[in-house]
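Peer 1: The structure is given below, and queries will be raised subsequently.
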Amino acid sequence: MMEAQWTSDCREHLGQSAEAEEQTFNLNYPASHCPGCNHKIRPWENIPVLSWLLLRGRCSSCDTPINLRYPIIEAITGLLSLLVALHFGVSWATAGALFLTWALIALSMIDFDTQLLPDNITLPFLWLGLLLSLAVIFTDPRSAIIGAAVGYLSLWSVYQLFKRLTGKEGMGYGDFKLLAMLGAWLGWQYLPQIILLSALVGAIVGISLIVLRGRDRNIPIPFGPYLAAAGWISLMWGEQINQAYLRWSGLI
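Residue numbers (the numbering used here): 1 to 252.
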């Protein structure tokens, strides 16, 4: 969808007419279908996890295998949603945290596949976080505004410094926006925790891929999934982590 929009924007900028064979492509059209035979996925074939099990992991029309990735992500989404509901109980915080959880899962998988973090997700959720701060659900407006600004500028500053020192781009602008989004939801107080957690997990995974699987260290590793995971952990247990660190360091 993003690539189609970019192509359309470039043609418009260059004064070129749209190609006749271009087709509508968005979240609504075309409907979900089998990539092997174009069989339209019927509602009872689209039940999370259960449909994959009932279909035995294959298309009901052409027997093409259905990637195990689908039920895994569906199961993870259900598990994380259950944890959110149990953690926050019956409250507006649960509703907000569920939407944030689903957005972070989507962003993680998109970034993992394409190394892109769509503005169509990060920017609306950044504004939603700022609006929710008016009700002081997760943080107050002052902390949310500072969190959004500092979240963006902190990674932007690292990016600029790294680029000047090495001549390479260490991360993308989508990462800046994602951290700004998390800062808007949770407040600036959680940004150090999110950055440290994401850097730690990213370093462990990156080194493991290089050592165990021989991954070329020059191939970039998307940072978005680690930021998203760290942000979700902070959403759920950020206060406990901060308190534990302060007690461990003797500050309280």
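Even for Gly, the Cβ is constructed at its ideal location relative to N, Cα and C.
Please read all numbers here as calculations on a predicted model, not as lab measurements.
For my contact list, L117 and D175 are in at a C-beta cut-off of 8 Å; report their separation, rounded to the angstrom.
Peer 2: Mapped onto the sequence shown, residue 117 falls at position 117. Mapped onto the sequence shown, residue 175 falls at position 175. So it is a contact: roughly 7 Å between Cβ atoms.
Peer 1: Mind checking Y29: buried by the 16 CB within 10 Å criterion, or exposed?
Peer 2: As a working mapping, residue 29 is identified with position 29 in the sequence shown. Classification of Y29: exposed, given that the 10 Å Cβ count is below 16.
Peer 1: Is the segment 111 to 128 close to the segment 224 to 235, with three or more CB pairs under 8 Å?
Peer 2: Yes: at least three Cβ pairs fall under 8 Å.
Peer 1: What residues are listed by DSSP as bridge partners for H33?
Peer 2: Here residue 33 refers to the residue found at position 33 of the sequence shown. Bridge partners of H33: K40.
Peer 1: Would you tell me roughly how many angstroms separate the C-alpha atoms of A85 and A106, rounded to the nearest one?
Peer 2: Position 85 of the sequence shown holds residue 85. Position 106 of the sequence shown holds residue 106. For A85 and A106, the distance between alpha carbons rounds to 19 Å.
Peer 1: In whole angstroms, what is the alpha-carbon distance linking L80 and L68?
Peer 2: The residue labelled residue 80 in the question sits at position 80 within the sequence shown. The residue labelled residue 68 in the question sits at position 68 within the sequence shown. Distance between the alpha carbons of L80 and L68 is about 19 Å.
Peer 1: Tell me whether P118 sits in a helix, a strand or coil according to DSSP, three-state version.
Peer 2: By one-based count along the sequence shown, residue 118 stands at place 118. In this structure, P118 counts as coil in the three-state DSSP scheme.
Peer 1: Taking 7 Å as the cut-off, decide whether the C-beta atoms of P48 and E74 are in contact.
Peer 2: Taking the sequence shown and counting its residues from 1, one reaches residue 48 at position 48. Taking the sequence shown and counting its residues from 1, one reaches residue 74 at position 74. It is a contact, given that the beta carbons lie within the stated cut-off.
Peer 1: Threshold first: 4 residues or longer. Then list the alpha helix (DSSP H) segments lying entirely within the segment 151 to 218, N to C.
Peer 2: If we require 4 residues or more, the alpha helix (DSSP H) runs fully inside the segment 151 to 218 come out as 173 to 186 and 191 to 213.
Peer 1: On the DSSP bridge assignment, give the partners of P65 in chain order.
Peer 2: Taking the first residue of the sequence shown as position 1, residue 65 is located at position 65. According to DSSP, which records beta bridges pairwise, P65 is partnered with R58.
Peer 1: Is the distance from the Cβ of G147 to the Cβ of G96 below 7 Å?
Peer 2: Taking the first residue of the sequence shown as 1, we reach residue 147 at position 147. Taking the first residue of the sequence shown as 1, we reach residue 96 at position 96. Result no, Cβ atoms of G147 and G96 do not sit closer than 7 Å.
Peer 1: Hey, how far is the Cα of W127 from the Cα of L104?
Peer 2: Taking the sequence shown and counting its residues from 1, the one referred to as residue 127 is at position 127. Taking the sequence shown and counting its residues from 1, the one referred to as residue 104 is at position 104. Approximately 15 Å, taken between the alpha carbons.
Peer 1: When the Cα atoms are used, what is the spatial distance from A199 to L178?
Peer 2: To locate residue 199, count along the sequence shown from 1; it is residue 199. To locate residue 178, count along the sequence shown from 1; it is residue 178. About 14 Å.
Peer 1: Below 8 Å on the Cβ atoms is my guess for L191 versus G183; work out the distance and round it to an integer in Å.
Peer 2: Within the sequence shown, numbered from 1, the residue matching residue 191 stands at position 191. Within the sequence shown, numbered from 1, the residue matching residue 183 stands at position 183. Correct: roughly 5 Å between the Cβ atoms.
Peer 1: Quick check on the DSSP output: the alpha helix (DSSP H) that includes G231 runs from which residue to which?
Peer 2: Here residue 231 refers to the residue found at position 231 when the sequence shown is read from its first residue. Residues G224 to S249.
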